[in-house]
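Step one of this worksheet: look at the structure below.
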Amino acid sequence: MDQQQARQQAERFIDQLRRLEDGDPSAADALARLFADDAHLRNPIADHAGRAQIAAFWRSYRASVGTVRSMFSHITTADACAGLFWRSAGIGPHGQPVEYEGVTLLEFDDAGQIAGFHGYFDSRQVRIEAPAH
780 MDQQQARQQA
790 ERFIDQLRRL
800 EDGDPSAADA
810 LARLFADDAH
820 LRNPIADHAG
830 RAQIAAFWRS
840 YRASVGTVRS
850 MFSHITTADA
860 CAGLFWRSAG
870 IGPHGQPVEY
880 EGVTLLEFDD
890 AGQIAGFHGY
900 FDSRQVRIEA
910 PAH
């Protein structure tokens, strides 16, 4: 996979993430289909392996963030990988402001699917409140 193909795959990921953030209920599964069957997804608060766990992660992400929008300031690519620089902001599920920024590194396999997702952000910026019982 060359740099142009890596950029196209990164843009597909961003498009599906936007669908998810816009509330499309099918977007979590669409995002998961961009990942290889044996892919891994890691960030400071999650570690998932396999497409089913990754789909569950995206559903959980959507449920936990309320209304949020991720803005991507830079996309860098090399053969079979991409770096996404982003900032997410919005309103959490309980009305609290949500704002954090970071970098996501995507590794692609020979078929162009995401084999590795590595998210880096300050987990202290992410506060997910559980609803009262």
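Each number in our numbering comes from the position in the sequence shown (counting from 1) with 779 added on. Built from N, CA and C at the ideal position, the CB exists for glycine as well. Bear in mind the structure is a predicted one, so any value in this text is a computation, not a measurement.
Given this structure, state the Cα-to-Cα distance separating residue i from residue j, to the nearest angstrom.
| i | j | result |
| --- | --- | --- |
| leucine 813 | aspartate 889 | 13 angstroms |
| glutamate 908 | glycine 862 | Because the pLDDT of glutamate 908 is 47, which lies under 50, any placement of that residue in the model is unreliable, and the question is left without a value. |
| leucine 810 | proline 876 | 25 angstroms |
| arginine 791 | serine 805 | 15 angstroms |
| alanine 911 | histidine 873 | At alanine 911 the pLDDT is 46, less than 50, meaning the model places this residue with poor confidence; the figure from the coordinates comes in the next sentence. If you take the alpha carbons of alanine 911 and histidine 873, they lie about 10 angstroms apart. |
| threonine 846 | serine 839 | 13 angstroms |
| leucine 796 | cysteine 860 | 18 angstroms |
| serine 852 | phenylalanine 900 | 15 angstroms |
| tyrosine 879 | glycine 871 | 12 angstroms |
| aspartate 858 | arginine 786 | 10 angstroms |
| glutamine 782 | threonine 856 | 6 angstroms |
| aspartate 801 | serine 849 | 11 angstroms |
Residues in its own chain within less than 8 angstroms of residue i by CB, not counting five upstream and five downstream?
| i | result |
| --- | --- |
| glycine 891 | Met780, Gln784, Gln788 |
| phenylalanine 836 | Leu820, Ala825, His827 |
| arginine 830 | Ala811, Arg812, Phe814, Ala815, Asp816, Ala818 |
Starting from residue i, trace the beta strand (DSSP E) in both directions and tell me its first and last residue.
| i | result |
| --- | --- |
| serine 839 | Segment 830–844 is the alpha helix (DSSP H) holding serine 839; no beta strand (DSSP E) there. |
| isoleucine 793 | Unbroken run through isoleucine 793 is the alpha helix (DSSP H), 782–800; no beta strand (DSSP E). |
| leucine 810 | Counting along the chain, leucine 810 falls outside any beta strand (DSSP E), though it belongs to the alpha helix (DSSP H) covering 806–812. |
Looking at the ligand GTP, does it come within less than 7 angstroms of residue i, judged from the CB to the closest heavy atom?
| i | result |
| --- | --- |
| alanine 825 | The ligand content of the structure shown is nil, which means the ligand GTP is not present either. |
In the DSSP assignment, what residue or residues form a beta bridge with residue i?
| i | result |
| --- | --- |
| alanine 861 | Thr856, Leu885 |
| histidine 819 | Ala828, Gly895 |
| alanine 868 | Arg848, Glu878 |
Return the chain-ordered list of same chain residues with a C-beta closer than 6 angstroms to the C-beta of residue i, the five sequence neighbours on each side being excluded.
| i | result |
| --- | --- |
| alanine 818 | Ile893, Ala894 |
| alanine 834 | Ala807, Asp808, Ala811 |
Report yes if the C-beta distance between residue i and residue j is below 8 angstroms; otherwise report no.
| i | j | result |
| --- | --- | --- |
| glycine 898 | glycine 881 | yes |
| arginine 841 | leucine 885 | no |
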